[in-house]
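Student: So that we are looking at the same thing, I have put the structure below in structure tokens.
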């Protein structure tokens, strides 16, 4: 379970200076990602989680 302090830490990290390009790249990659036909759902889920974190 995530605690409030962890959430605040991640939000500060997300919105600090110099992260705009990093966020843009992550969101762009997230929007372009598609599940490959026949690939396991687990693999796709892990990739999506990695992009979100």
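Residue numbers (this note's numbering): 1 to 53.
Beta carbons are placed, not taken as given, at the ideal position from N, Cα and C, and that holds for glycine.
Tell me the DSSP secondary structure of residue 34 in three-state form.
Tutor: Along the chain shown, one-based indexing puts residue 34 at 34. Reduced to three states, the DSSP call for residue 34 is coil.
Student: Kindly indicate which three-state DSSP category residue 1 falls into: helix, strand or coil?
Tutor: Taking the first residue of the chain shown as position 1, residue 1 is located at position 1. It is coil, neither helix nor strand.
Student: Is there a C-beta anywhere in chain B that falls below 8 Å from the one on residue 4?
Tutor: Looking for chain B here will not work: only one protein chain is present.
Student: So, using beta-carbon positions, are residue 51 and residue 26 closer together than 8 Å?
Tutor: Along the chain shown, read from residue 1 onward, the residue named residue 51 stands at position 51. Along the chain shown, read from residue 1 onward, the residue named residue 26 stands at position 26. The answer is yes: Cβ separation under 8 Å.
Student: With a cut-off of 8 Å on the beta carbons, I'd call residue 31 and residue 44 a contact; round off their distance for me.
Tutor: Start at 1 with the first residue of the chain shown, and residue 31 comes out as number 31. Start at 1 with the first residue of the chain shown, and residue 44 comes out as number 44. That belief does not hold up - the Cβ atoms of residue 31 and residue 44 are roughly 14 Å apart, past 8 Å.
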